[in-house]
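Below you'll find the structure, written out as structure tokens, and then a few comments.
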Amino acid sequence: MATENIKLGSKCRVYIGKTQTADPEAADAITNGFELIENENEFTLSYSVDAQEIDTKSAGKISMPGTESWELTFTTNAALTDAADTLLRQARNKSWSYLIVEDGTKKLFSGNFLMTGVEITAGATGVREGSYTLSNSGEVTQYDETAPVTP
Numbered sequence: 041m042a043t044e045n046i047k048l049g050s051k052c053r054v055y056i057g058k059t060q061t062a063d064p065e066a067a068d069a070i071t072n073g074f075e076l077i078e079n080e081n082e083f084t085l086s087y088s089v090d091a092q093e094i095d096t097k098s099a100g101k102i103s104m105p106g107t108e109s110w111e112l113t114f115t116t117n118a119a120l121t122d123a124a125d126t127l128l129r130q131a132r133n134k135s136w137s138y139l140i141v142e143d144g145t146k147k148l149f150s151g152n153f154l155m156t157g158v159e160i161t162a163g164a165t166g167v168r169e170g171s172y173t174l175s176n177s178g179e180v181t182q183y184d185e186t187a188p189v190t191p
């Protein structure tokens with residue numbers, strides 16, 4: 041299985057839908073439909089595809105549609121008192137809408153993801169540190185990186 045880690049700049053942030061089925065295509069998705077995960081840190085997005093070998097050497101490997109998988113991981117490392125904390129707790133064991141945005145205005149990726157791993161530890165008083173791993177539970181949309189999206 042081939043895996044590609046997508047390198048995203050420091051201005052890229054993870055947003056969680058205010059509802060389970062929040063629409064990332066809505067014109068006001070960034071400002072009204074999604075909530076910034078304020079204390080998100082160290083997030084990565086990985087894409088994998090199961091390449092299938094076919095019979096002839098000249099044809100090589102092909103990818104089979106529908107075998108793509110995406111993994112979104114991020115940590116939180118501060119007092120999560122923002123609205124996203126409540127949403128993250130509601131999203132456990134549910135396919136939930138997420139959006140990756142650059143500079144607060146440009147959509148890069150969106151899709152429904154399911155939390156497959158959560159580790160919460162106690163930090164200082166009133167601080168929860170968390171590590172989240174999410175896998176796609178549907179199609180992931182990659183937006184044209186050159187087209188600005190107005191919030």
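Residue numbers (this note's numbering): 41 to 191.
Virtual Cβ for every residue (Gly too), placed ideally from N, Cα, C.
Helix or strand or just coil, what does DSSP make of residue i?
i	result
Ala162	strand
Asn72	helix
Ala187	Legend: pLDDT at Ala187 = 47, less than 50; position of this residue unreliable, no value from coordinates given.
Gly49	coil
Using only CA atoms, which one of the options lies nearest to residue i?
i	options	result
Thr161	Thr116, Ile70, Lys147	Thr116
Thr71	Leu174, Gly170, Lys147	Lys147
Leu127	Ala62, Leu48, Ile46	Ala62
Taking only heavy atoms of the ligand PLP into account, decide whether any of them is closer than 7 Å to the Cβ of residue i.
i	result
Ala131	In terms of ligand content, the structure shown is empty, and the ligand PLP therefore cannot be addressed.
Can you tell me whether residue i is buried or exposed? The criterion is at least 16 other CB atoms within 10 Å of its CB, across all chains shown.
i	result
Arg53	buried
Asn30	Shown here, the chain extends from 41 to 191; a query on residue 30 therefore has no answer.
Gly178	exposed
Glu159	exposed
Gly170	buried
Ala67	exposed
Ser50	exposed
Glu65	exposed
Asp125	buried
Gly157	exposed
Gly151	buried
Ile164	The residue asked about is misnamed: residue 164 is Ala in this sequence, not Ile. Its Cβ having fewer than 16 others within 10 Å, Ala164 is exposed.
My guess is that residue i and residue j are in contact by the Cβ rule of under 8 Å, so how many angstroms apart are they, rounded?
i	j	result
Phe74	Leu139	5 Å
Gln60	Trp110	Rounded, the Cβ-Cβ distance is 18 Å, inconsistent with contact.
Quick one: complete beta strand (DSSP E) runs, 3+ long, within the stretch 127 to 176?
136 to 142, 146 to 162
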